[in-house]
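Enquirer: Please see the structure below; I have some questions.
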DNA sequence: TCATCTTTCCAAAGCGCTTTGGATTTGACT
DNA sequence: AGTCAAATCCAAAGCGCTTTGGAAAGATGA
């Protein structure tokens, strides 16, 4: 059923039917009701493509997910973020279109999306330090919003980020308060902006407590369970092992715990662990009492909010880009405790 | 830059330019080259919407992800599956449209996608027993392919599935071979088709070994780490605890291991564990030697293949629906060993 | 040289919608 | 009854592409 058929069926012009359906005032209430009823019974919905052509809008937002072909790793937070954003799009009648793209092809993809007028805007995932995508999108004039930030880009742009720096500073402070001084950091890949900021927060706390940064206590890599395990095992085997570990992801925290327990140590007693927790739906940090002490911030919520921000900026293109910094909450669980006393 | 401008620029008609770009034969090689060069320099790409309107194709595939609003759980395999499918779409010039939908709204969403002619076909995720979506999509006449199967639907339809039954039967057999007889099953939600099939495979092996199914050794729920942990803890605390556990997901297997080790037992010695492993990129089953003995099947690969299947069926609408059953491979890791001798 | 194919290109219609600019009807008010 | 504005509705243009049905030009064979 298309507009023409529907209007013929109603004995009205396409104009009137279109206006009735889109809430324009030039239609009598009676007619509008009649039209709406007919639309419902015939299950009429305007063709996305025709509507888009006529209005010049795509009513779609693009999500371009970078994937380094090297490790083929899909970011585990991706699903929950998308779920949050999807909620927002659904409410606003937008569609979400997804491109999973090899690192190298990204430029081409953004240009394609723009040239083909396939989307009204895009969300940028996984920003890196000095990420070239921000500049590219600005040049293209394609509205966008970034999940995270990209240090090193001079001009303002729309983003939403967790305050990674303060979260990790606070977490490190917390460990100091418990008496720990040898605190390790198992972080995400250095080139990722969030990892950079977390390290800064960590280093800042160390500095405030007059403890020098010890390179042997800092790791960075892709945050898998195995990675957490291996880093921890190595650190615990060497002399002068850390008494506390800061970890960038709950998944690798599971590996950290495994390494600790494998060595016959007790987490929260012999070794304390604090992790960041994205509150993923399939990876909850325990039940009532959190297993891990964690800096927590829901990535799904971030998805909802960032989508909202992008849609708002599309609706009002002249407004300056917005930013939003979410504070992670520190949840104390059973993975932390006072530093063991020296023998 | 649009077609009109481009063709004016070249001194050709829109027809000729369109034909040159779309590989029609009625264009001289010289002209074609000239057109292609111009398209490249002006970065011309036909508008998706206009092209779609003209051709009647959407060049897009819909993925409708169900999410029960009750637990708000996003399936963790989703990201990797999408990544695989996305690869295929990219190769074929298709777009992927994602809708994350509350269980109840699904019908409405499919009808909307169809009525608005927004997609050429859809992938059905997470089929349940007697899943009503299959019938609905058949009635709508919207091409589709299912990731998994939906027992109870009479007519043929396109699907791709892992042979869950044989995988779990084989895994159970394997445990019997090691001397285990008290084998527990920690499974996904019973209403999910895959969980049903896995239980069948498990039960079939028990029957073949003249062991009665013991309801106290079977659990089903959402496959989180915590769920694996709690099920295992309960089972190990009761008398007559299982000596082996079959688990439906690597994530909950991590919880299983935690419960085992917390009790001071050794996995692979006191309690053997076999899990299904979807080969998720962010959750690898150890390095060279798998940690868990597992029935393994790459869900990303499934995404690639199923997308290919759907595109083929769209290209050739009259062909009968295809099916593909993937066999999981049994990878022996260090989580299994001979059954402990009775004291 | 002429008729007949090929080759190469084009004008215009059409895809399904929105929207502009008018036309018609209705109603209120002198 | 006559006037004017408000309320309703409509025909047609246009969004950017593909595709149909020719037309013009060039090549071929008699």
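Chains as they are written, first to last, in my numbering: chain H, 1 to 343; chain X, 1001 to 1343.
Glycine included, C-beta positions come from ideal geometry on N, C-alpha and C.
1) Quick check on residue 341 of chain H: buried or exposed, where buried means 16 or more other Cβ atoms within 10 Å of its Cβ?
2) State the DSSP-derived secondary structure class of residue 133 of chain H, mapped to helix, strand or coil.
3) With 7 angstroms as the C-beta to C-beta threshold (strictly closer), list the residues of the region 211-230 of chain H near chain X in chain order.
4) Pick out the complete beta strand (DSSP E) segments inside the region 36-72 of chain H, 3 residues or longer, and give them in chain order.
5) Between residue 67 of chain H and chain X, is the shortest Cβ-Cβ distance under 8 angstroms, so that the two count as touching?
6) Kindly list, in the order they appear in chain H, the residues whose Cβ is closer than 8 angstroms to that of residue 1320 of chain X.
7) Report the CB separation of residue 168 of chain H from residue 149 of chain H in whole angstroms; it is logged as a contact under 8 angstroms.
8) Where does residue 285 of chain H land, buried or exposed, given buried means 16+ other C-beta within 10 angstroms?
9) Could you give the residue range of the alpha helix (DSSP H) that holds residue 174 of chain H?
10) Spatial neighbours of residue 1052 of chain X within its chain, please: CB distance less than 7 angstroms, with the 5 preceding and 5 following residues excluded, ordered by chain position.
11) Three Cβ pairs or more, each shorter than 8 angstroms: is that satisfied between the region 1039-1046 of chain X and the region 1103-1115 of chain X?
12) Rounded C-beta distance between residue 90 of chain H and residue 300 of chain H? I'm assuming under 8 angstroms.
13) Write down the C-beta distance between residue 1248 of chain X and residue 1186 of chain X rounded to the nearest angstrom, noting that I regard them as a contact closer than 8 angstroms.
14) Using a Cβ-Cβ cut-off of less than 8 angstroms, list which residues of the region 103-121 of chain H approach chain X; keep chain order.
15) Alpha carbon to alpha carbon, how far is residue 1338 of chain X from residue 1267 of chain X?
16) Quick one: what's got a C-beta closer than 6 angstroms to residue 269 of chain H's C-beta in the same chain, skipping five residues either side?
17) Rounded to the nearest angstrom, what separates residue 1324 of chain X and residue 1157 of chain X at their Cα positions?
18) Check whether the region 175-195 of chain H and the region 1214-1231 of chain X touch, using three or more Cβ-Cβ pairs below 8 angstroms as the test.
19) Checking contacts by CB at 8 angstroms: is residue 1284 of chain X closer than that to chain H?
20) Nearest chain X C-beta to residue 98 of chain H closer than 8 angstroms, yes or no?
21) In whole angstroms, what separates the C-alpha of residue 275 of chain H from that of residue 255 of chain H?
22) Which residues of chain X have a Cβ atom closer than 7 angstroms to the Cβ of residue 74 of chain H, listed in chain order?
23) Three-state secondary structure (DSSP) at residue 149 of chain H?
24) Take the Cβ of residue 1075 of chain X as the centre, count every other Cβ of all protein chains shown within 10 Å, and call the residue buried at 16 or more, exposed below.
25) So what's residue 1193 of chain X in DSSP terms, helix, strand or just coil?
26) Go ahead and label residue 1139 of chain X buried or exposed: buried means 16 or more other beta carbons lie within 10 angstroms of its beta carbon, across all protein chains shown.
27) Take residue 93 of chain H as the anchor and find which of X:1112, X:1078, X:1093 and X:1096 has the nearest alpha-carbon.
28) Taking DSSP as the reference, what is the three-state secondary structure of residue 1203 of chain X?
29) Compute the Euclidean distance between the alpha carbons of residue 1282 of chain X and residue 306 of chain H, then round it to the nearest angstrom.
30) Going by the DSSP bridge assignment, what does residue 323 of chain H pair with across the sheet?
31) What residues of chain H sit near residue 1043 of chain X, judged by a beta carbon separation below 7 angstroms?
32) With distances taken between CB atoms, is the gap from residue 1147 of chain X to residue 1136 of chain X smaller than 8 angstroms?
33) Would residue 244 of chain H and residue 183 of chain H qualify as a contact pair, given that the criterion is a beta-carbon distance under 8 angstroms?
34) By how many angstroms is the C-alpha of residue 1320 of chain X removed from the C-alpha of residue 987 of chain X?
35) Alpha carbons only, please: which of H:122, H:240, H:246 and H:171 is nearest the one belonging to residue 327 of chain H?
36) When the Cα atoms are used, what is the spatial distance from residue 317 of chain H to residue 1260 of chain X?
Expert: With the structure as the only source:
1) exposed
2) helix
3) 224, 225 and 226
4) 60-67
5) yes
6) Near residue 1320 of chain X there are no residues of chain H at all, since even the closest Cβ is about 28 angstroms away, more than 8 angstroms.
7) With 8 angstroms as the limit, residue 168 of chain H and residue 149 of chain H do not qualify as a contact, their Cβ atoms being about 15 angstroms apart.
8) buried
9) 164-177
10) 1058 and 1059
11) no
12) So it is not a contact: roughly 14 angstroms between Cβ atoms.
13) 6 angstroms
14) 111, 112, 115, 116, 117 and 118
15) 11 angstroms
16) 337
17) 11 angstroms
18) no
19) yes
20) yes
21) 12 angstroms
22) 1079, 1080, 1083, 1281 and 1282
23) coil
24) buried
25) helix
26) exposed
27) X:1112
28) helix
29) 24 angstroms
30) H:159
31) 111 and 115
32) no
33) yes
34) Missing from the structure shown is residue 987 of chain X; chain X here goes from 1001 to 1343 and no further.
35) H:171
36) 57 angstroms
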